[in-house]
Structures are given as structure tokens and as C-alpha cells.
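Participant:
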Amino acid sequence: MEDKSREHFSGYQSIPDRENYLLAHYAIRSENTTGRKYAEPVQVYRGPYQRDRDRIIHTAAYRRLSHKTQVFTNEFGDYHRNRLTHTLEVCSIARTIARALRLNEDLVEAMALMHDIGHPPFGHSGEDVLDACLVDDGGFSHNRHALRIVEVLEQRYPDFPGLNLSMETLEGQQFRATKKDTEVSPSLEAQVVDAADSIAYDSHDADDALELGLLDLSQLKEVSIWNTAVNKVSEGRDLSANLLRRAVVHELIDVQVKDLLDNTVAKIERLQLQSAEQVRNQPRIVGHSDHMAHEKNDLESFLMQNVYRHPSVIHVRDSAQAALLGLFKLLKTRPDLLPDNYAHRSDEIGLQRTIGDYIAGMTDRFAWREHARLLES
Ligand code: MG
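Spelled out as C-alpha cells, the structure:
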């Protein structure tokens, strides 16, 4: 029998046609891209932001996220998020929001996959060590380092350093690296990724801490957004603690996404947004209602007090920080221990930054292994 579904397929749908059909006036369009630092031929079957997304996925830095800490190191077990699963969850939430707002999903996905690529081993604990070690050399921030990775450190193409990403994709990360210091707002797509990051970690850090036994459900009763979600999902049913926790986490994400969409759509309508350029002159448009912002603040304060400063987390953090500091100091006195592909960069960018780049690229387990090999033998 003839396959009717194929009758309408007659080759490529152009990217502008597809985007004109799907996207809002205020979304970023591929055809309006300001391009890449090094000009490259256009691909007819794949838009610029799809290419950016694919390039990010194929980096070593992206693959290494699977062995980098989000909040809990792998000493805690195998259940909880790592930097890669967090990244994928941010990407998933960001795409949902972008699709509902008719924004450019490819651009959002590229920026979401890149957003944490600059994290060193052991998450923010590792970042603090590198920042202190590099204090005379501009410090270290994972957001700035992500830009360094995609612009300089990843060497995958013969014609240019880094990934040569589109300016709009880089802009998302530049916004994260400079935040608050900039007068001009980034694209709505970049704002969505930032909001999705916060929705993901607020919900999932509570989930992980409960599963790991660092928190129990009764402690969260003091948190209003959590309590409201418990009442909504249990509806008088007697759910097991595990099922309740998981249902609450889904509800937490849902309620935050809905609030963000309602509030953002109302702002877009109020401003009568007609173009991506208009977004630049406005304060941040993608955001929560005041009520939800307040609720999220309360949850974040609770997590800070009860999870991020939990004695077990602090204990692991202290030993991880001591290990990284030991490695940094050793490599400073023994640069001959640097791998060849790093050693030659020292003349160009200085020994300190070279060591910083090397350590920042390590996974948690590689850092532990190197520490054992070089400092414990
Ligand atoms: Mg993140």
C-alpha cells in the first residue's frame, strides 16, 4: 500500500521557513545570526544553533561532566545528580519553556548544554580553590571558564581554535559570566536557560538530599512551596515516602514552570514585544511572579542551611579542596609533571593559568587518582 505520509515530503524545509512558522516575532532567528568569529559555509540541512549544539555535545569537556560533582560527590552513592544529568535536566526544562514561548529551541538547547561545561572537579568547592590559587591572575569562575573552553581550549577543528560557535550562543554564556554588570539584556533564549537552571537545582537538590538521607521529609514542612506541593500531590492519599518525594519533585518543577510562563507571557503582552531587538532594552523579562520568587528564596535558604552546609557535605568538600590545593601547589613547583599538551602553553599564558586549565578539566575521579599517584605515594 502506498505510504501517504511521504506524499508531502519533498526535500528539505528551509530553516527560515520552519522558523517563520514556529517562532514568535521576538525569538532569535537563524537567518539573522551575526555569525561566527571565523566565517564558515552555511549548511542547508542544519541551522547555526543546531550546529552549535552538536559541537558542544562532541567536546571532551561535555563528556567529562558525567564524572563531575553537581552537589554530592560520588562517595555518596549512584543515585544523585552529577553535572551531566543536571545539564540534561536544565536542557529539558529550558526546551519546554522555550517551546511554550515560541522561542528558538535549538539556541536554548545549545546554551543549556554549555551552561555548566566550565565546572572544575568537585563543583563550587573546586571552583573556590582555583579562584584562590589564581587570585593574582584574574581568578577563576566556571562561567568564564566555559567560554575559555569553547573559544580556546577545545581543539577539534583544523581551521580555528575552540568551537567557533555562533555569537548568539556565546552571548548566553557571556551573560552568565558577567551577569548584573551589563546594561543590555540578553536574548529571551538566554534568560530561559538561566531560569531553567534555577528551577532544576532547587527541585533536584532537595530530591537528592532526601534520597541520600541528609534530610528527612519532616524538615521540609517549614518550606511553604514544598508543603503546598505535598498537599497537592497527596490529596488525602497515604503515599509511601519515596513516591511522595518523587511526586512532589515533579510538582515543584511544574508549578515553577507554570508560574514562569504565566508571568513571562503577561510581561511580553504588556510590553507588546515585536522583535528580538526590543528585548535588549528591557530589564529581564523571563522571570517568576513576586510570590514564586519569594517561595523559591525560602527553599534556597533552607537548602543552603540544611543541605549545602550539611556536615557530610562539608567533610567531603574539605578533603576535595585539600586535594586540589595540593595538586596545584605541586604542579607549580614541578611543572615537568604537566602533560605535554599543557606544558607548552605555559610560555604563552603563564604557568598559573596553565595549571588552572589542567585542573579545571579534570573529572572528580581523575583528580583523586592524580592526587593519589603524585602526593600519596
Ligand atoms: Mg547549572
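The sequence shown begins at 832 in the numbering used here and counts up by one.
Backbone N, C-alpha and C fix where the C-beta goes; we use that ideal spot for every residue, glycine too.
Keep in mind that this is a model prediction, so the values were computed, not measured.
Return yes when at least one heavy atom of the ligand MG lies under 6 Å from the C-beta of D947, else no.
Facilitator: As a working mapping, residue 947 is identified with position 116 in the sequence shown. Under cutoff, so the answer is yes.
Participant: When DSSP labels each residue in this structure, what does N995 get in the three-state scheme?
Facilitator: Position 164 of the sequence shown, counted from the start, is the residue given in the question as residue 995. Here N995 sits in coil by DSSP.
Participant: DSSP three-state call for Q901: helix, strand or coil?
Facilitator: Start at 1 with the first residue of the sequence shown, and residue 901 comes out as number 70. Of the three classes helix, strand and coil, the one that applies to Q901 here is coil, per DSSP.
Participant: Less than 7 Å between the C-beta atoms of I937 and G878, yes or no?
Facilitator: Here the question's residue 937 lines up with position 106 in the sequence shown. Here the question's residue 878 lines up with position 47 in the sequence shown. It is worth fixing the name first, because residue 937 is Asp in this sequence and not Ile. Against a cut-off of 7 Å, the Cβ pair of G878 and D937 comes out as a contact.
Participant: In the DSSP output, what is R930 paired with across the bridge?
Facilitator: The residue given as residue 930 occupies position 99 in the sequence shown. Answer by DSSP bridge pairing: none, since R930 is not bridged.
Participant: On the three-state DSSP scale, how would you describe A1165?
Facilitator: Start at 1 with the first residue of the sequence shown, and residue 1165 comes out as number 334. What sits at residue 1165 in the sequence shown is Arg, not Ala. Looking at R1165 - three-state DSSP - the assignment turns out to be coil, as it is neither helix nor strand.
Participant: Do you know offhand how far M832's Cα is from A929's?
Facilitator: Along the sequence shown, one-based indexing puts residue 832 at 1. Along the sequence shown, one-based indexing puts residue 929 at 98. Here the model assigns M832 a pLDDT of 46, short of 50, so the residue's position is not dependable, and the following value carries that caveat. So the two alpha carbons sit approximately 39 Å from each other.
Participant: Using a threshold of 6 Å, is the CB atom of D1028 nearer than that to any non-hydrogen atom of the ligand MG?
Facilitator: As a first step, residue 1028 is located in the sequence shown; it is residue number 197 there, counting from the start. The answer is yes for D1028.
Participant: Need the endpoints of the alpha helix (DSSP H) that Q1022 sits in, please.
Facilitator: As a position in the sequence shown, residue 1022 is number 191, starting the count at 1. Start and end: 1019-1042.
Participant: Suppose the cutoff is 6 Å on Cβ atoms and the five residues either side in sequence are ignored; what does the same chain contact list for E1145 look like?
Facilitator: As a first step, residue 1145 must be located in the sequence shown, where it is residue number 314. Checking the displayed sequence, the identity of residue 1145 turns out to be Ile instead of Glu. None.
Participant: Under the three-state reduction of DSSP, which class applies to N851: helix, strand or coil?
Facilitator: Residue numbering aside, residue 851 sits at position 20 when the sequence shown is read from its first letter. Of the three classes helix, strand and coil, the one that applies to N851 here is helix, per DSSP.
Participant: Pick helix, strand or coil for Y869, following the three-state DSSP scheme.
Facilitator: In the sequence shown, the residue the question calls residue 869 occupies position 38. Looking at Y869 - three-state DSSP - the assignment turns out to be coil, as it is neither helix nor strand.
Participant: Return the Cβ separation of Q1194 and R895 in integer angstroms, given the expectation that the two are a contact with Cβ distance under 8 Å.
Facilitator: Numbered from its first residue, the sequence shown carries residue 1194 at position 363. Numbered from its first residue, the sequence shown carries residue 895 at position 64. Position check: residue 1194 holds Thr in this sequence, whereas Gln was assumed. So it is a contact: roughly 5 Å between Cβ atoms.
Participant: State yes or no: is the C-beta of E950 within less than 7 Å of the C-beta of H973?
Facilitator: Taking the first residue of the sequence shown as position 1, residue 950 is located at position 119. Taking the first residue of the sequence shown as position 1, residue 973 is located at position 142. Checking the sequence shown, residue 950 turns out to be His, not Glu. Yes, the pair counts as a contact, with Cβ atoms nearer than the cut-off.
Participant: Going by CA-CA distance only, name the one from L932, G908, T865 that's closest to D1039.
Facilitator: As a position in the sequence shown, residue 1039 is number 208, starting the count at 1. Minimum Cα distance to D1039 is reached at G908.
Participant: How many angstroms separate the CA atom of N851 from the CA atom of V1064?
Facilitator: Taking the first residue of the sequence shown as position 1, residue 851 is located at position 20. Taking the first residue of the sequence shown as position 1, residue 1064 is located at position 233. Taking the straight line from one Cα to the other gives about 39 Å.
Participant: Would R1071 be called buried (16 or more neighbouring beta carbons within 10 Å of its own) or exposed?
Facilitator: Taking the first residue of the sequence shown as 1, we reach residue 1071 at position 240. In the sequence as presented, Arg is not what sits at residue 1071; that position holds Ser. With fewer than 16 other Cβ atoms within 10 Å, it is exposed.
Participant: So what's N1062 in DSSP terms, helix, strand or just coil?
Facilitator: Here residue 1062 refers to the residue found at position 231 when the sequence shown is read from its first residue. In the structure shown, N1062 sits in a helix (DSSP, three-state: H, G or I).
Participant: Looking at the unbroken alpha helix (DSSP H) that takes in D1194, where does it start and where does it end?
Facilitator: Here residue 1194 refers to the residue found at position 363 when the sequence shown is read from its first residue. What sits at residue 1194 in the sequence shown is Thr, not Asp. It is not in any alpha helix (DSSP H) - T1194 carries neither H nor E in the DSSP assignment.
Participant: First and last residue of the alpha helix (DSSP H) that includes A858?
Facilitator: Your numbering for residue 858 matches position 27 in the sequence shown. A858 -> no alpha helix (DSSP H), and no H or E assigned at all.
Participant: How close, in whole Å, do the beta carbons of D1036 and V921 come, if the pair is a contact with beta carbons under 8 Å?
Facilitator: Within the sequence shown, the letter at position 205 stands for residue 1036. Within the sequence shown, the letter at position 90 stands for residue 921. No, D1036 and V921 are not in contact; Cβ-Cβ is about 13 Å, not under 8 Å.
Participant: Taking the alpha helix (DSSP H) that V939 falls in, what are its first and last residues?
Facilitator: Here residue 939 refers to the residue found at position 108 of the sequence shown. It spans 936-945 - the alpha helix (DSSP H) in which V939 sits, taken as one unbroken run.
Participant: For I1056 versus I924, is the C-beta distance shorter than 7 Å?
Facilitator: Mapped onto the sequence shown, residue 1056 falls at position 225. Mapped onto the sequence shown, residue 924 falls at position 93. In this structure, I924 does not lie closer than 7 Å to I1056 by Cβ.
Participant: Just curious, the alpha helix (DSSP H) that Y1139 is in, first and last residue?
Facilitator: In the sequence shown, counting from the first residue as 1, residue 1139 sits at position 308. Taken as a continuous stretch (DSSP letters only), Y1139 belongs to no alpha helix (DSSP H), as it is neither H nor E.
Participant: Which residues bound the alpha helix (DSSP H) around D1171?
Facilitator: Your numbering for residue 1171 matches position 340 in the sequence shown. Run containing D1171: 1171-1174, per the alpha helix (DSSP H) assignment.
Participant: Decide if S1207 is buried, meaning its Cβ has at least 16 other Cβ atoms within 10 Å, or exposed.
Facilitator: Locating residue 1207 in the sequence shown gives position 376, counting from the first residue. The residue asked about is misnamed: residue 1207 is Glu in this sequence, not Ser. So E1207 counts as exposed.
Participant: Could you spell out the range, first to last residue, of the alpha helix (DSSP H) harbouring G957?
Facilitator: For this step, residue 957 is matched to residue 126 along the sequence shown. Note, G957: alpha helix (DSSP H), 954-964.
Participant: My guess is that A1191 and H976 are in contact by the Cβ rule of under 8 Å, so how many angstroms apart are they, rounded?
Facilitator: As a first step, residue 1191 is located in the sequence shown; it is residue number 360 there, counting from the start. As a first step, residue 976 is located in the sequence shown; it is residue number 145 there, counting from the start. Between H976 and A1191 the Cβ distance is about 6 Å, and since that is below 8 Å, they are a contact.
Participant: Between E906 and the rest of its own chain, which residues show a CB-CB distance below 8 Å, the 5 nearest in sequence each way excluded?
Facilitator: On the sequence shown, position 75 is the one that residue 906 refers to. The answer, listed in chain order, is V1147.
Participant: Nearest to L1045 by CA position, among H911, T916, S1150, Y857, is which residue?
Facilitator: One-based indexing of the sequence shown puts residue 1045 at position 214. Out of H911, T916, S1150, Y857, H911 has the C-alpha closest to the C-alpha of L1045.
Participant: Expressed to the nearest angstrom, what Euclidean distance is found between the alpha-carbon atoms of D1069 and I1084?
Facilitator: As a working mapping, residue 1069 is identified with position 238 in the sequence shown. As a working mapping, residue 1084 is identified with position 253 in the sequence shown. Near 22 Å, if we compare the C-alpha coordinates of I1084 and D1069.
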